[in-house]
Amino acid sequence: MTDEVAIVTKAKENIMFAMATLSMEDRQLLSNTKRELVHKCSFNGMACDIDGDFLTHVDPVFGSCFTFNHNRTLNLTSIRAGLYRCTIFRLLRRRLGPMYGLRMLVYVNASDYMPTTEATGVRLTIHDKEDFPFPDTFGYSAPTGYISSFGLRLRRMTRLPAPYGDCVPDGKTEDYIYRNYEYSVEGCYRSCFQQLVLKDCQCGDPRFPVPPGFTHCEAADPAARKCLDERMNELGGLHGSFRCRCQQPCSQAIYTVTYSPAKWPSQSLKIQLGSCNGTNEECNKHYKYVFSFQTREQWVRGKGGGSSGGGQEKLHVRSIDQFCIEFGMLWPVSKIFS
Numbered sequence: 001m002t003d004e005v006a007i008v009t010k011a012k013e014n015i016m017f018a019m020a021t022l023s024m025e026d027r028q029l030l031s032n033t034k035r036e037l038v039h040k041c042s043f044n045g046m047a048c049d050i051d052g053d054f055l056t057h058v059d060p061v062f063g064s065c066f067t068f069n070h071n072r073t074l075n076l077t078s079i080r081a082g083l084y085r086c087t088i089f090r091l092l093r094r095r096l097g098p099m100y101g102l103r104m105l106v107y108v109n110a111s112d113y114m115p116t117t118e119a120t121g122v123r124l125t126i127h128d129k130e131d132f133p134f135p136d137t138f139g140y141s142a143p144t145g146y147i148s149s150f151g152l153r154l155r156r157m158t159r160l161p162a163p164y165g166d167c168v169p170d171g172k173t174e175d176y177i178y179r180n181y182e183y184s185v186e187g188c189y190r191s192c193f194q195q196l197v198l199k200d201c202q203c204g205d206p207r208f209p210v211p212p213g214f215t216h217c218e219a220a221d222p223a224a225r226k227c228l229d230e231r232m233n234e235l236g237g238l239h240g241s242f243r244c245r246c247q248q249p250c251s252q253a254i255y256t257v258t259y260s261p262a263k264w265p266s267q268s269l270k271i272q273l274g275s276c277n278g279t280n281e282e283c284n285k286h287y288k289y290v291f292s293f294q295t296r297e298q299w300v301r302g303k304g305g306g307s308s309g310g311g312q313e314k315l316h317v318r319s320i321d322q323f324c325i326e327f328g329m330l331w332p333v334s335k336i337f338s
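Letter by letter, the sequence shown follows residues 1 to 338 in our numbering.
See below:
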C-alpha cells in the first residue's frame with residue numbers, strides 16, 4: 001500500500017481495533033476531560049456547571065465526547081425561546097437568536113494530535129435525548145480561529161403504523177444493538193451490519209456495540225481481521241445492498257442545521273482565553289467560538305390532526321483543538337403528521 005490517504009485510513013482502523021480492546025475507563029483516560037475541552041460556557045446568560053451539565057460519551061472514532069442537555073427528566077430551555085407548555089402562541093414567535101443559548105469557549109490541543117488526525121477543530125452532533133449520536137455520519141465540523149454559529153430548525157414527524165404504513169413503533173427492533181436508546185434508521189443499518197458480522201466472524205466490528213456475550217474483533221488477530229475485511233467487501237460497507245430492511249420510525253425528530261463562521265477573535269475582544277506561549281497567529285489556531293442555543297415552537301396541523309407539544313433538544317460536542325462556539329435555535333419548531 002503506497003497511497004497516503006489509504007494508509008491513514010487503515011491506520012485509523014487499527015487504532016479503533018486497539019481501543020475496542022480497552023475498558024471504558026481506560027478509553028476516557030486516553031482522551032480529553034470536560035474541563036480540558038470546555039474552558040468557558042454559558043447558558044441563559046449564566047455560567048454552566050461544566051462537570052454537571054455535560055455527560056461523557058465515548059465514541060469509537062472521536063474518543064471522549066461531551067453531551068449538553070442530556071438529562072431525560074430535565075429539559076434545559078432558553079428563557080428567550082418561550083418553550084413553555086402554558087405560554088401563549090404569540091410569545092413563541094419572538095426573541096430568537098443566540099444570545100441566551102449555549103455559548104462555549106473550547107480548547108483543542110493540536111500539539112497532542114496523532115499523525116492520523118486530518119483536521120483541527122470540533123465535531124458536533126444535534127440529536128434528541130433518546131437518540132444515539134452518530135457524529136461520524138451526522139456530525140458538523142467547526143474549524144479553529146473562527147466563531148461558529150449554528151442555527152437549528154426542529155420538525156417532529158409522526159407516521160402512521162400498520163395497517164396504514166410500515167413504520168417501527170415504540171422504540172427498537174429485536175436485534176437493535178443500541179440499548180436504552182430509541183430506534184433510528186441509521187442505528188438499524190449498523191445493527192443489521194453488526195449482526196451479520198457476528199454471525200460469520202464470531203466477533204464484532206469495533207465501530208459498533210456488540211450484544212452481551214460477544215466481543216469486538218482484535219487487530220492482533222489476523223483471522224478475525226481478515227473475516228471482517230471480507231464481510232465488509234462482500235456486504236458493500238455499512239449502507240451497502242445487503243439484506244437489511246430498515247423502516248422509518250413512527251415518531252422522529254428532524255433537525256435542519258445552518259452554519260455561519262466569522263474570523264475570531266476580533267482585536268477589540270476583551271476576554272481571558274487562558275495561557276498561550278506562542279505568537280498571536282499560533283495561539284488563534286487553538287481557539288474557536290462555540291455556540292449558543294435557543295428554541296421556539298410553532299404549532300402546525302396536518303392531515304393527521306393534532307398539535308405539537310414541547311421539543312427537547314440535545315447537543316453533542318466533540319473537540320479537536322481550542323476555540324469558542326455559539327449555538328442558537330433561530331427558526332420555528334414544527335410538528336408534521338403523515
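Quick reminder that beta carbons are idealized off the backbone N, C-alpha and C, glycines included.
Cβ-Cβ distance between residue i and residue j below 8 Å
| i | j | result |
| --- | --- | --- |
| Gln267 | Cys167 | no |
| Thr173 | Ser251 | no |
| Glu218 | Thr73 | no |
| Ser64 | Asn32 | yes |
| Phe132 | Tyr189 | no |
| Tyr146 | Lys263 | yes |
| Leu124 | Gly139 | yes |
| Cys227 | Asp200 | yes |
| Lys40 | Thr116 | no |
| Phe62 | Pro135 | yes |
| Arg243 | Met16 | no |
| Tyr259 | Ile126 | no |
| Thr137 | Gly121 | no |
Buried or exposed by the 16-neighbour rule on C-beta atoms within 10 Å, applied to residue i
| i | result |
| --- | --- |
| Gly151 | buried |
| Asp229 | exposed |
| Asp51 | exposed |
| Ser148 | buried |
| Glu182 | buried |
| Ser184 | buried |
| Pro212 | exposed |
| Asn180 | exposed |
| Asn69 | buried |
| Arg156 | buried |
| Asp175 | exposed |
Collapsed DSSP secondary structure at residue i in the structure displayed
| i | result |
| --- | --- |
| Val317 | With a pLDDT of only 41 at Val317, under 50, the local geometry of the prediction cannot be trusted, and the value read off the model is given with reservation. If DSSP states are grouped into helix, strand and coil, Val317 belongs with the strands. |
| Gln267 | coil |
| Leu359 | Beyond the ends of the chain as shown, which are 1 and 338, falls residue 359; an answer cannot be given. |
| Asp136 | helix |
| Leu160 | coil |
| Val5 | helix |
| Leu102 | strand |
| Ala110 | helix |
| Gly52 | helix |
| Asp26 | helix |
Integer Cβ distance of residue i from residue j, believed to fall under 8 Å
| i | j | result |
| --- | --- | --- |
| Gln28 | Thr56 | 6 Å |
| Leu196 | Phe214 | With a Cβ gap of about 13 Å, Leu196 and Phe214 do not count as contacting. |
| Cys192 | Ala224 | Incorrect: roughly 20 Å between the Cβ atoms, too far for contact. |
Those runs of the alpha helix (DSSP H) which lie wholly inside the region 186-266 and span at least 4 residues: 222-235
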